[in-house]
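Protein chains: 2
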Amino acid sequence: MPGEDNVIYIGNKPVMSYVLAVVTQFNNGLSDEVLIKARGRAISRAVDTAEVVRNKFMPGVEVKDIKMGTEVLTGEGGDKANVSSLEITLKAKA
Amino acid sequence: MPGEDNVIYIGNKPVMSYVLAVVTQFNNGLSDEVLIKARGRAISRAVDTAEVVRNKFMPGVEVKDIKMGTEVLTGEGGDKANVSSLEITLKAKA
């Protein structure tokens, strides 16, 4: 899947772990865009990550797009739950 | 301040409280836009609110804009902390 490599999935680690991952992605030079994805409670951490990257480390990066969505998770017992998702696309300015 | 009335601030209440507030704002007919604002951990609840409004109650509402930001909070002792913010603008389709 093209561009899959430049996706950072936000989980439960400290924000700085994901900030480092995003900065590393930009610095490896393979893409001028990095996609930050999160679901549920991790969404606020995704916003923190994007804001820290832009404000503290990479002022030359802009927010290209922000998308919201809803995903259906199926539990082991077959029960289903809706969970919100957020995708933030960061792009290095030309 | 124009438009201030159609802003819903997300706090620690259940998501459905804010969903009801957003739906009520649209239904009072004063504006075809409602702005959902949240900071910090409430950001994921803001996304939940917007998604539930659109998917379960008002399919005729679209996401017009999503903005991220960082606000500086000053504590009682004068200490400062950065907190991320998110603003979601929902708009009734014409």
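In the order they appear, the protein sequences are chains A and B. Going by the working numbering, the residue at position 12 of the first sequence is 83; the numbering climbs one at a time, nothing skipped. Going by the working numbering, the residue at position 60 of the second sequence is 131; the numbering climbs one at a time, nothing skipped. Where is the CB? At the ideal position from N, CA and C, for every residue including glycine.
Query                                                                                                      : Result
Exposure label - V143 (chain B); buried when at least 16 CB within 10 Å                                    : exposed
N77 (chain A) burial status per 10 Å Cβ neighbour count (16 or more: buried)                               : buried
Interface partners of G111 (chain A) on chain B, CB under 7 Å                                              : S115
Span separating the alpha-carbon of V86 (chain A) from that of R116 (chain A)                              : 6 Å
Straight-line Cα distance separating I137 (chain B) from I81 (chain A)                                     : 19 Å
Check whether T145 (chain B) and S156 (chain B) have beta carbons under 9 Å apart                          : no
Segments assigned alpha helix (DSSP H), at least 4 residues, entirely inside the region 109-138 of chain B : 114-123
Within chain B, partners of E122 (chain A) - CB distance below 7 Å                                         : M139, T141, S155
Cα-Cα separation between G111 (chain B) and M129 (chain B), rounded to whole angstroms                     : 26 Å
Where S102 (chain B) falls: helix, strand or coil (DSSP)                                                   : coil
Beta-carbon proximity list for A113 (chain A), same chain, < 8 Å, skipping 5 on both sides                 : I81, G82, N83
Which of helix, strand or coil DSSP assigns to A92 (chain A)                                               : helix
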